[in-house]
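Each remark here refers to the structure printed beneath this line.
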Amino acid sequence: EVQVVESGGGLAQRGGSLRLSCAVFGFTVSGSYMSWVRQAPGKGLEWVSLLYSDGRIDYPNSMKGRFTISRDSSKNTLYLQMNNVRAEDTAVYYCARDWNGDMIIDDWGQGTLVTVSS
Amino acid sequence: EIVMTQSPATLSVSPGERATLSCRASQSVGSNVAWYQHKPGQAPRLLMYHTSARATGLAARFSGSGSGTEFTLTITSLQSEDFAVYHCQQYENWPFTFGPGTKVD
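In structure tokens form, the structure reads like this:
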């Protein structure tokens with residue numbers, strides 16, 4: 121059974137750092153396109169980063185510079201390093217999987233809440 | 089960046105009624121639109137892809153249509169479990185973008 125489980129959210133100080141983790145089960149993190157997608161309070165979903173199975177990485181321009189996506193194949197885990205966090209980074213962060221590279225999210229986690237205090 | 093808009097923001101319907109949700113792209117995205125259902129506290133769920141293809145196991149009361157910049161998700165005979173927020177997403181160009189959602193209540 122495919123499972124995606126996020127952790128690492130919580131309260132962060134403005135300007136601080138946080139690392140989110142996403143443990144996956146039932147598939148390999150290196151064999152799928154893996155993404156982080158967030159939803160701020162009262163807002164829509166927003167793509168944060170995409171890690172392709174071949175190791176390439178994409179970020180929307182608005183996310184470049186402060187966020188870093190990575191994976192550890194030995195732990196079958198995806199990460200999102202968040203640096204210099206801002207109040208507008210407050211959101212539920214979802215880990216998401218595209219199993220066949222068609223750019224559609226087939227599986228989502230339940231999300232982890234990040235709150236940035238000022 | 090392609091901007092996706094959705095209307096209405098909230099759709100009030102009764103069980104058994106038909107719900108029609110609209111999604112518009114700021115430029116043509118061909119047929120590269122997916123729809124997701126999102127309930128509070130739960131993971132979003134893929135419903136439709138390539139505009140009109142149903143995800144595995146999706147009930148036939150869900151259908152999608154459109155092309156270019158105008159897309160529609162239709163739910164015929166709404167069931168109680170269909171009350172949720174629905175997001176459209178374009179995957180024509182990076183960054184892939186979502187609409188703000190339509191809440192069906």
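Residue numbers (the numbering used here), protein chains in the order written: chain A, 121 to 238; chain B, 89 to 193.
By construction, the Cβ of each residue, glycine as well, lies at the ideal position given by its N, Cα and C atoms.
Which first and last residues belong to the beta strand (DSSP E) in which residue i is found?
| i | result |
| --- | --- |
| B/F123 | Inspection of the sequence shows that residue 123 of chain B is occupied by Trp rather than by Phe. Looking at the DSSP string, the run of the beta strand (DSSP E) that includes B/W123 is V121 to H126. |
| A/A160 | Unbroken run through A/A160: none, as it is neither H nor E. |
| A/D218 | A211 to D218 |
| A/R139 | L138 to F145 |
| B/T157 | Where B/T157 is concerned, there is no enclosing beta strand (DSSP E), given that its DSSP letter is neither H nor E. |
| A/D192 | F187 to D192 |
| B/R133 | R133 to Y137 |
| A/Y199 | T197 to M202 |
| A/K184 | Run containing A/K184: none; DSSP gives neither H nor E here. |
| B/R112 | A107 to A113 |
| B/G189 | First-last for B/G189: undefined, no H or E at that position. |
| A/L131 | G130 to Q133 |
| A/T232 | T232 to S237 |
| B/S95 | M92 to S95 |
| A/Q123 | Q123 to S127 |
| B/V101 | Careful: B/V101 lies outside any beta strand (DSSP E) and carries neither H nor E. |
So, is residue i buried or exposed, given that buried needs 16 or more other C-beta atoms within 10 angstroms?
| i | result |
| --- | --- |
| A/Q123 | exposed |
| A/Q159 | buried |
| B/T185 | buried |
| B/P96 | exposed |
| B/V91 | exposed |
| A/S155 | buried |
| B/Q125 | buried |
| B/A172 | buried |
| A/G146 | exposed |
| B/G187 | buried |
| A/L131 | exposed |
| B/T144 | exposed |
| B/A122 | buried |
| B/Q94 | buried |
| B/N120 | buried |
| B/T190 | buried |
Please work out which residues of its chain come closer than 6 Å, Cβ to Cβ, to residue i, disregarding the five sequence neighbours upstream and downstream, and give them in chain order.
| i | result |
| --- | --- |
| B/L166 | V101, P103, E105 and A107 |
| A/V212 | Q159, G231 and L233 |
| A/S239 | In the structure as shown, chain A starts at 121 and stops at 238, and residue 239 of chain A therefore has no counterpart that could be examined. |
| A/R186 | N203 and N204 |
| A/T188 | Q201 |
| A/A143 | V125 and T197 |
| B/K127 | A172 |
| A/Y179 | S169 |
To the nearest whole angstrom, what separates the beta carbons of residue i and residue j, a pair I think is in contact under 8 Å?
| i | j | result |
| --- | --- | --- |
| B/A113 | B/Q178 | 6 Å |
| A/Y172 | A/Y199 | The Cβ separation is near 15 Å, so there is no contact. |
| B/L161 | B/L109 | 4 Å |
| B/L139 | B/G152 | The residue you asked about is not Leu; residue 139 of chain B is Thr in the sequence shown. Going by Cβ atoms, the distance from B/T139 to B/G152 rounds to 5 Å, so yes, they are a contact pair. |
| B/C252 | B/F150 | The structure shown does not extend to residue 252 of chain B, since chain B is modelled only from 89 through 193, so no value can be given for it. |
Excluding the 5 residues preceding and the 5 following residue i in the sequence, name in chain order all residues of the same chain whose CB lies nearer than 8 Å to its CB.
| i | result |
| --- | --- |
| B/P183 | E89 |
| B/G118 | S155, G156 and E180 |
To which residues of the same chain is residue i closer than 7 Å at the C-beta, ignoring the five residues directly before and after it?
| i | result |
| --- | --- |
| A/R206 | R134 and V236 |
| A/D226 | R217, D218 and W219 |
| A/G151 | S173 |
| A/V157 | L165, E166, W167, V168, Y214 and A216 |
| B/S168 | P103 |
| B/D193 | T98, S100 and F171 |
### Task
With 9 Å as the limit, tell me which residues of the stretch 113-139 of chain B have their beta carbon closer than that to any beta carbon of chain A; keep them in chain order.
N120, A122, Y124, H126, G129, Q130, A131, P132, R133, L134, Y137 and H138
#### Entry: Residues of the stretch 147-165 of chain A with Cβ closer than 9 Å to any Cβ of chain B, in chain order
S155, V157, Q159, K163, G164 and L165
### Message
By the 8 Å beta-carbon criterion, what residues does the stretch 173-185 of chain B contribute toward chain A?
### Response
H175, Q177, Y179, W182, P183, F184 and T185
#### Entry: Residues of the stretch 167-183 of chain A whose Cβ lies closer than 7 Å to any Cβ of chain B, in chain order
W167, D178 and P180
#### Entry: Proximal residues, the stretch 215-227 of chain A versus chain B, C-beta separation under 7 Å
M223, I224, I225 and D226
### Query
Closer than 8 Å, Cβ to any Cβ of chain A: which residues of the stretch 93-108 of chain B, in chain order?
So nothing in the stretch comes that close.
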